[in-house]
Structure formats: structure tokens, C-alpha cells
Amino acid sequence: MNAIVASCLHKSFGNVEVLRGVDLRVEEGEFYALMGPNGSGKTTLVSILASVITPTSGKVEIFGRKPQEARKIIGFVPQGSFSSPMLTGRENLMYFAQLFGYSKSEAEKIVDELLLKMGLSRAADRLASNYSGGMRKRLEVATALFPEVKALILDEPSTGLDPSARKNFLGLIKGANRNGITVLLVTHIGEDAEIASKVGFMDEGVIIAEDKPERLKRNSGLEKVLNVETSIKDEVIANTLIDHSDDGRMLEKEKGYRICCNNPEEAIPNISRQLDKLGCKVLRIEISNPSLEDAFYRLTDKSVRRA
Amino acid sequence: MGQISAVTRKMLQEFIRDRMALLWTFAVPVFFLLIIPFINAGNIPAEVMPGFKAYATISMTTLLMMTACQANLAGSVASDTQRGLYLKMTSMPVKAWKEGIGRILGILIFSLLGAILLASLGLSYGAEFILNPVTLIESLVFLMFISLASTGIGLIIASFVKGESAATHTGVALTLLTFFCGGMVAPYAALPSALQVFARFHPVSSANAAIAFLLVGEGFAGYNPLRISQIGLTTAISIAVFAVGLMLYSKRCWRKR
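Protein sequences appear in the order of chains A and C.
The numbering used here numbers the first residue of the first sequence as 1 and each following residue consecutively.
The numbering used here numbers the first residue of the second sequence as 1001 and each following residue consecutively.
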């Protein structure tokens, strides 16, 4: 059965068309990650699915119902930190459980279970303002995992978390998915999307490709990627790296340089020599497998982390 | 009831734990209640002092209610908007009107607790009120108008001013402006004629004058705020401001984009 279906979805804000005919199908129990740069329409799409905004045209069904009628079975975690810093973890969950419609006694039982599931039992009576970023995020996911919820929609939930907290957090999401919850995760971080069973690439208001993560990477035509970290970072160095690798294309130059090229093993000595001539030290040079971000770049000529 | 009580409880918990909110809302009126009679001790005859203290208690209670409803409520809504709470609630099976009522109840209970505290403090400080069941009930009705109008103004601020700090400061500024220009500090008779008109039209200052008239005496109100036309004006403007605030809140904070 299809859990989430969006057909020919359009959304405009004034003259700006943000969604330009999105078709999305997420099966029940699937873990679907939606990747795309800022401004590609990801948040608008999931906001429509979570019935926060209405589409200009097109059709949406959540387990066969209209989004407005599916509020009891959708758990939505928007961007930002919506839990109250002045309430404890338990009080926050009680608040959302009662908003969800549970009586006080039902809510108390459910909240205890959620705190346990999220690993927050020991911190339950501490103010949320004293939580770490990862704990706060887990608390907010708990507000979207009440027993009736069948689909979890998360909008860039791991933004701002350190790698360890992110790993831990994604493990919890994966665990919820293993327990039968359908997950739609919006992210611009390739590593986060790797754990999904299906990944969709979104750009300029449409989904341009979707498949299993491995297939997306394979179909991008990328085989190996050269990662170079240098003591100097400027356009001259970037051009040198491209010029001295076989059919090289720069995938990323924000953190370090990531270049896709033919025969990267052969390019390494040449690149090292050229950089040395320019007085630039090579801090690290290695070959790695392409990431989903590389595959996205290959398809769109855009970095997924920067619009 | 569950949704309403959940929102009310959240509001109260947040206000009681927010030291700045407590300082602005409780400590400032308590300070002025204690200091104003003390400063004026030399200028006011001893037999008038109990009435003066009663007037100061009423004015400071009004200041407290205005601060709570105009500044704290506006700050709370703006903060929740900023944090994305309304987006979250829109995705949940939450009735907007229930959330609104819960929020308003929360601020009313909070300010009522403050009013009881100030009244007790005033009484123990030597304030003397003209108390009988009729004046008490009538005063409570005017207190309700103060709450309605202030809540309406708070909701209007929250609907337009983005950011907790900006909304709170706008609420505080409007509270102080109304308080000083509305004849709640300076005697009504000492106000310039334009401000006298403002004091009669503004539902908070006219309701404050009505409570002073009922519980302390005509001399402290400066005019008769219990004339039918004045009561009608106070009632109509209070309800209108509240209704506009509620409408703007539901349209702008709970809007479908």
C-alpha cells in the first residue's frame, strides 16, 4: 500500500513557483530520503504533506486520506527547535500528547514509554533548555511518535548536530522505521540519506531522480572520487587540480576539494608535483567512493549543501 | 478540555519559570506600590493616605495586568511562532480556538494571581477600600474589561511584531505609554485636555478609573467613569479590541500558507 502519494503537485507563493509538478510515492514501511539544495522546494513539499500548507494544485493522499484528515497518523518534525526550553522533557511531551487528544492518564503512560524509547528517561525531569542538541532533537521526534502515528516526516532534523549525536539520532529514526513506521526524511546531508531504502533528488521544484542509494551513485557514472586537502585554498589551486587530473570535475570545494576524474590513482603523483611547484602543501590526498552528494552534483552541477 | 488545559498549564509553567517575566510583571508594580506612598508621605494628609494607598494598589494591579497581557502574552506568542510551534501544531489534530482559549486562560490566571498578591500587599500596607458586595462585583467586571482590552492589544502585537524580544518590548512600551498618559499615575485633572480624552477612550484607563471610583471614591478617579455613556464606551472598546486581537491571532499565527 502507498503511504504517501503526491501527484502533479504545484505550489506558488505570489509569482514564485516553488513546486512545479512533483510526483512522489512512498510505500508503507519505506524509509525515503529527499535530498536537494536550499530553495529546491523540499520544505514546501513536506509542509503540504503534513497539512501545514495547501498546494496550488495537485493531489495528495496519506494512507488514502487527505492530509487534513490524516493528522492523527502523521508525525511531523519541522525545522528548528519547537519544544519549550522552559518545560522539562516530560512536560513537553505531556503538552504535545494532550494536544494530540490523549487524556491525562493516557498521556502519562505514553510519555513514559516515549521517554524510554528515546533514551531520555533519566533526563525526563530536566528543563529542555539544559538538553544537548541531540537530546532536544530526540525529544522533538518523540512528539511525532505517538502510538497512532504511521508515518514520520522529518524536515532537516540533523542540522546542527555533531557527528556522534547525528549518528545516534539517525539510529533512532531507523529503529522507528524497523518498527513499521514509514519515514520521509528531508536532508541536504548525503550521509543521512545513505540509511534510507530510497532516495529522491529534488531540484527546482521537481524530483529529478529517485532510486536506492547505491543505484543512484552507480547510475551517476562516477566511479572514484579524489579528495585533496591543501594548505592553501584558492581558485589557482582548484584550477590546478582540475587541469592535472584526467577529465576532472570539481564536486566540492567548501571543506576540501573533491574531484571526480578518470584514473585517480595515476593523477595523484602529478597533482602532488604541481601543487609542490606552487608552494602549496598537500595535507591529505585519498581516493574514495562517490557519495550521494557527488551523484547529485553530477546530475545537476549544483552542490547539495549550497544552493 | 484536555487541549485547553494543556495550553493553560504550559503558559503558567513558562511564565512562573521566566525570571524576567516575573520581574517585569510582579516586582515592578510591588516596588512602586511600596515606594509611591512613601515618597508622597509629606504631601498627603494622614487621613487621605489609606485611600491613596488603595488607589496606588488599583493602579499597580492595572499595570501588572497590562504588562502580563500586553508584554508577556505577546512575547510568548512571538517566541512560539519563532520556534515553529505553530507549524507543528498545524500538523496535529489541534483546534485553533481551543489553543487560543488555553493561552488566554493561562495569561488571565497568571495576572489574576498577581492581582491577588498586590491586593493582599496593599491591604497589609494600610490601603483602605470601600468594600461591599456590589462595588466588589462591579470592580471585577471592570477588571475583566482591563484583561480583555490588554489581551486584545497583546494579541495584536503578537500578530504583527516578530521575535520574542521585540514583541515583549513593544508590549512594555505600550503599557508604560498608556499607564503614564492614561491618568493612572498623574491625577486625571492634571492631564492636558488631549490626554483626558485619551484616558476616557482607552478602555484600560477608563476601567481603572471606574474601579478607583467604586473602591476608593470619586476624588481619585477625577471624573465620573460610571456614567452610562462612559460605561458603554469602555465595554464596547474593550470587546472590540479583544475581538480584533483574537481575529488577527487566528488569521496570522494560525494561518494556512
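C-beta atoms are modelled at their ideal positions from N, C-alpha and C, and glycine is treated no differently.
Please read all numbers here as calculations on a predicted model, not as lab measurements.
- Between the region 1067-1085 of chain C and the region 1147-1164 of chain C there are three or more inter-stretch CB-CB distances shorter than 8 Å, so the stretches are counted as touching.
- The closest CA to that of phenylalanine 82(A), considering only Leu120(A), Ala70(A), Ser51(A), Ala142(A), is found on Ala142(A).
- Lysine 11(A) sits in a strand when the DSSP states are folded into three classes.
- Inter-residue distance for threonine 240(A) and alanine 3(A) is about 49 Å (C-alpha atoms, whole angstroms).
- With a beta-carbon spacing of about 12 Å, isoleucine 153(A) and valine 60(A) fall beyond the 8 Å limit used to define contacts.
- Not a single CB atom of chain C sits nearer than 7 Å to the CB of phenylalanine 296(A).
- Across the structure, isoleucine 1157(C) and alanine 6(A) are spaced so that their CA atoms are roughly 38 Å apart.
- The bridge partners DSSP lists for asparagine 2(A) are Glu27(A).
- About 4 Å separates the CB atoms of tyrosine 1249(C) and leucine 1155(C); that is less than 8 Å, so the two are in contact.
- One finds Gly80, Ser81, Phe82, Ser83, Ser84, Pro85 in chain A with Cβ atoms closer than 9 Å to the Cβ of arginine 1083(C), taken in chain order.
- Your pair arginine 136(A) and alanine 144(A) does not check out as a contact, with CB atoms roughly 14 Å apart and the cut at 8 Å.
- For lysine 72(A), the C-beta contacts it makes with chain C under 8 Å involve Pro1093, in order along the chain.
- Three or more Cβ pairs closer than 8 Å define a contact, and the region 29-49 of chain A meets that threshold against the region 171-191 of chain A.
- For serine 51(A), the nearest CB of chain C lies under 7 Å from its own CB, placing it at the interface with that chain.
- Serine 1238(C) sits close to proline 1203(C), with the two beta carbons spaced by under 7 Å.
- Within the region 164-185 of chain A, not one residue has a Cβ closer than 9 Å to any Cβ of chain C.
- Counting only residues of its own chain and dropping the five nearest sequence neighbours on each side, lysine 1162(C) has a CB closer than 8 Å to the CB of Ala1078, Thr1081, Gln1082.
- Classified as exposed, glycine 1042(C) has fewer than 16 neighbouring CB atoms from the shown chains inside 10 Å of its CB.
- Here cysteine 1181(C) carries a helix assignment [DSSP, helix/strand/coil].
- Nearest to asparagine 1224(C) by C-alpha distance, out of Ala1207(C), Ala1115(C), Glu1014(C), Gly1102(C), is Ala1207(C).
- If the five residues before and after lysine 302(A) are omitted, its C-beta is found closer than 8 Å to the C-beta atoms of Pro37, Asp203, Phe296, all from its own chain and listed in chain order.
- In the DSSP assignment, phenylalanine 1031(C) falls within the alpha helix (DSSP H) that extends over 1028-1039.
- Tryptophan 1254(C) and threonine 88(A) have their C-alpha atoms roughly 25 Å apart.
- The Cβ neighbour count for leucine 1174(C), taken over all protein chains shown within 10 Å, is at least 16; the residue is labelled buried.
- DSSP, read as helix, strand or coil, puts alanine 1186(C) in coil.
- With contacts defined by Cβ atoms closer than 7 Å, leucine 222(A) and cysteine 260(A) form a contacting pair.
- A direct Cα-to-Cα measurement between phenylalanine 1179(C) and arginine 1252(C) gives close to 28 Å.
- Taking all protein chains in view, the Cβ of valine 228(A) is crowded by 16 or more other Cβ atoms within 10 Å, so the residue is classified as buried.
- Taking all protein chains shown into account, threonine 54(A) has fewer than 16 neighbouring C-beta atoms within 10 Å of its C-beta and is therefore exposed.
- Legend: CB atoms of the region 1011-1026 of chain C lying less than 7 Å from CB atoms of chain A belong to residues Gln1013, Glu1014, Arg1017, Asp1018.
- Residue state for threonine 1061(C) is assigned as helix, using DSSP reduced to three classes.
- Non-local C-beta neighbours of alanine 1186(C) in its own chain, meaning closer than 8 Å and more than five positions away in sequence, comprise Phe1180, ordered along the chain.
- Aspartate 155(A) and asparagine 263(A) have their C-alpha atoms roughly 38 Å apart.
- In the displayed model, cysteine 280(A) falls within coil according to three-state DSSP, outside both helix and strand.
- The beta carbons of leucine 1215(C) and phenylalanine 1145(C) sit no closer together than 7 Å.
- At a cut-off of 7 Å between beta carbons, lysine 1088(C) contacts chain A.
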